[in-house]
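I have placed the structure first, in the form of structure tokens, so that the comments after it can refer back to it.
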Amino acid sequence: RQALALGADADAREDGAEDQAEAGGRSGQTCLSLVAMNCRAGSASVTAAVEALLEAKADVNAETEDAGTPLLVALQHRNVAAVEAMCRGSAKVMSDVLDEVKTLSNATRRHKVEDLLRPMLGGDSKRRLPLWVWVQSGTHLAVAALLRAAASNEDLVDADAIVALWRTRGDAASRALMEAALQEHVGSEAFARLGAQAATRCLLQELREAYDDQREYSLDVINSALLQGADANAQDGEANDPEDLAGFYRFTALQLATTNIYASAEAVKDAVRVLVEAKADVDMEDPLLSAVQHRCVPGVEALAEHGAKVTAEVLEELKAISATKTRGPIEAALQPLIEKDKRLPCALWVWVQLGRLGAVEALLRNASHEEEVDADVLVALQRSNGSGAARQQITSQLREYVGEEEFQRLDEAAATQRLLQELREAHTEERDPELDIIYDSLAHGANANAREGPLDEEVDGEEEEEEEEEEDEEEDGEEEEEEEEEGA
Numbered sequence: 001r002q003a004l005a006l007g008a009d010a011d012a013r014e015d016g017a018e019d020q021a022e023a024g025g026r027s028g029q030t031c032l033s034l035v036a037m038n039c040r041a042g043s044a045s046v047t048a049a050v051e052a053l054l055e056a057k058a059d060v061n062a063e064t065e066d067a068g069t070p071l072l073v074a075l076q077h078r079n080v081a082a083v084e085a086m087c088r089g090s091a092k093v094m095s096d097v098l099d100e101v102k103t104l105s106n107a108t109r110r111h112k113v114e115d116l117l118r119p120m121l122g123g124d125s126k127r128r129l130p131l132w133v134w135v136q137s138g139t140h141l142a143v144a145a146l147l148r149a150a151a152s153n154e155d156l157v158d159a160d161a162i163v164a165l166w167r168t169r170g171d172a173a174s175r176a177l178m179e180a181a182l183q184e185h186v187g188s189e190a191f192a193r194l195g196a197q198a199a200t201r202c203l204l205q206e207l208r209e210a211y212d213d214q215r216e217y218s219l220d221v222i223n224s225a226l227l228q229g230a231d232a233n234a235q236d237g238e239a240n241d242p243e244d245l246a247g248f249y250r251f252t253a254l255q256l257a258t259t260n261i262y263a264s265a266e267a268v269k270d271a272v273r274v275l276v277e278a279k280a281d282v283d284m285e286d287p288l289l290s291a292v293q294h295r296c297v298p299g300v301e302a303l304a305e306h307g308a309k310v311t312a313e314v315l316e317e318l319k320a321i322s323a324t325k326t327r328g329p330i331e332a333a334l335q336p337l338i339e340k341d342k343r344l345p346c347a348l349w350v351w352v353q354l355g356r357l358g359a360v361e362a363l364l365r366n367a368s369h370e371e372e373v374d375a376d377v378l379v380a381l382q383r384s385n386g387s388g389a390a391r392q393q394i395t396s397q398l399r400e401y402v403g404e405e406e407f408q409r410l411d412e413a414a415a416t417q418r419l420l421q422e423l424r425e426a427h428t429e430e431r432d433p434e435l436d437i438i439y440d441s442l443a444h445g446a447n448a449n450a451r452e453g454p455l456d457e458e459v460d461g462e463e464e465e466e467e468e469e470e471e472d473e474e475e476d477g478e479e480e481e482e483e484e485e486e487g488a
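Be aware that the sequence shown starts at 1, since it is given in the UniProt record's numbering, and climbs by one per residue.
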């Protein structure tokens, strides 16, 4: 308000493309779009900001090169307060806004948005709305009229119309009439096929929206979609234009269910159970790796219960976890799977961290190759959950294997690595550092003045210097040989 009172441009944009002229003046987010994107702000604050900008003559329909209008941006970010404030202005409902409404899974939010947009859609008598809009609103007479007018156009009825049928706000009688009309229009076989597509879309939309909203997903929606024939192995976004998926990682239903750290443990386990019962593949696209990467303990535990395969990538991700309260239960869930899979190649650090004395002895005494004991192994030793006796014996064997001096050096390097890893992870996860890890690392000789990165850079630098010295020596040697030959 103060900025606007001092003459700020309500239609100003952030700096966008390097060449504003090529972008047609549409590059960069507008003030209204920035407010619309802030879905974590309070409703009162969002409403007041939008109203202030509109009073200052901000263009509510101004488009940006990438994001579209502010109303579309508000919908994409599920900012209902912004949608409501903009609808009180002169916002236009473009086709891409309706397309975004189709993706709304949460019923309460969807009904609110529909109620806000309905007066704006009804005010344009010349506008031809798609079939699914009439189906979702429960207007069976309009649906029947559209189907009669396009009797020969089977493409009129698509998966969108079937999704809308399941989400319709009409009564049971209206729904029955619309279902019969849609089925008659496309035939029973096509109707069943479209139903399976629609169910899959509903399943993925609910899981994706819950993940993005940082909320628990609805098991009722998941169960209903699976009962309607949803593909439990479908991937998020696969029904969209392939060009739109460039750089976009397509999660499976299991990945979406087991990476949502905001869902309760019970909900995650129930979701995994029903998906597996619906023939979801627990190893397709490695949902276990995704769950570990997202530090979703219930997801890891649920997948482990259903026999998901542990891969080398999963073990590497486990190695990167610092927080004891996260690493402990994940490690406990994975341990039976690791020990059961005889074909899984496990590095020495894995058995050290699990406290498996026999496996450590076997690797160190293997005459076929020389086992490398590095800082990762000592990090695992410091984290080991093995019994006191096993841990002590493993320590003795490692010390004997590398020698006392090298063991002390590695122990200090490992402690420094743990210290930096814990502090970095706490910062990234916005949590309190675990003081026990900090105290233990310092007790093992961690360098309190250590920095992230330089150790690796120094090693790389030393290797480069050695290579340069070797090249210089070779060149000097060649020059000396040439001089001797010339002298001869």
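Here a beta-carbon is modelled for each residue, glycine too, at the ideal position from N, C-alpha and C.
As the structure is a computational prediction, the values presented were derived from the model and not from experiment.
- Between Glu317 and Val292, the C-beta gap is smaller than 7 Å, which places the two residues in contact.
- If you compare the alpha carbons of Phe251, Gly386, Val300 and Ala367 with that of Val352, the shortest gap goes to Gly386.
- In this chain, the alpha helix (DSSP H) harbouring Gly388 covers Gly388 to Val402.
- Between the segment 56–68 and the segment 30–38, the count of Cβ pairs shorter than 8 Å is three or higher; the stretches touch.
- Counted as a single uninterrupted DSSP element, the alpha helix (DSSP H) harbouring Gln255 occupies residues Ala253 to Thr258.
- Out of Leu104, Leu381, Thr395 and Gly355, the CA that lies nearest to the CA of Val221 is found in Leu104.
- Cα atoms of Tyr262 and Thr324: separation of roughly 19 Å, rounded to the nearest angstrom.
- Taking the Cα positions, Ala267 is about 15 Å away from Arg208.
- Taking Arg128 as the centre and dropping the five residues before and after it, the same chain places no C-beta closer than 7 Å to its C-beta.
- The three-state secondary structure of Gln235, taken from DSSP, is strand.
- Only residues of its own chain outside the window of five on either side were considered, and among them Val360, Glu361 and Leu364 have a CB closer than 7 Å to the CB of Gln397, listed in chain order.
- By DSSP's assignment, Thr64 forms a beta bridge with Gly68.
- Taking every protein chain shown into account, the CB of Gly299 has 16 or more other CB atoms within 10 angstroms, so this residue is buried.
- With contacts defined by Cβ atoms closer than 7 Å, Leu71 and Ala91 form a contacting pair.
- Using a 10 angstroms sphere on the CB of Asp99, the tally of other CB atoms stays under 16, which defines it as exposed.
- Shown here, Arg343 sits in coil according to DSSP, grouped into three states, outside any helix or strand.
- From the listed residues Thr47, Ala74, Ala56 and Ala49, the smallest Cα separation to Ala5 is found for Ala56.
- The C-alpha of Arg383 is placed about 19 Å away from the C-alpha of Asp432.
- Per the Cβ contact rule, the segment 135–152 is in contact with the segment 170–187 (3 or more Cβ pairs under 8 Å).
- With respect to the 7 Å criterion, Val163 and Arg201 are classified as neighbours on the basis of their beta carbons.
- Burial is judged here by how many other beta carbons sit within 10 angstroms of a residue's own beta carbon; Asp231 has at least 16 and is buried.
- The C-beta distance from Ala199 to Ala225 rounds to 5 Å, short enough to meet the 8 Å contact threshold.
- Within the same chain, and ignoring the five residues on either side of Leu219 in sequence, the residues whose Cβ sits closer than 7 Å to its Cβ are Ala267, Asp270 and Ala271.
- Its Cα nearest to that of Gln417, the residue Ala450 stands out among Ala450, Arg343 and Val46.
- Taking the CA atoms as reference points, Thr395 sits about 10 Å from Tyr401.
- In the three-state DSSP reduction, Thr326 falls in the helix class (H, G or I).
- Distances from the alpha-carbon of Asp286 to those of Thr252, His111 and Leu381 put Thr252 closest.
- Around Leu177, the same chain offers His140 as residues with beta carbons nearer than 7 Å, after the five sequence neighbours per side are excluded.
- Annotated three-state conformation of Thr416 is helix, per DSSP.
- About 7 Å separates the beta carbons of Glu452 and Arg424, which is inside the 8 Å limit, making them a contact pair.
- For Arg110, the three-state secondary structure derived from DSSP is helix.
- DSSP, read as helix, strand or coil, puts Arg250 in coil.
- If you draw a 10 Å sphere on the C-beta of Gly170, you find 16 or more other C-beta atoms in it, and that means buried.
- Arg215 and Glu405 have their C-alpha atoms spaced approximately 52 Å apart.
- Between the C-alpha atoms of Arg295 and Ala320 there is a straight-line separation of about 11 Å.
- Secondary structure note for Met86: its alpha helix (DSSP H) is the uninterrupted segment Val80 to Cys87.
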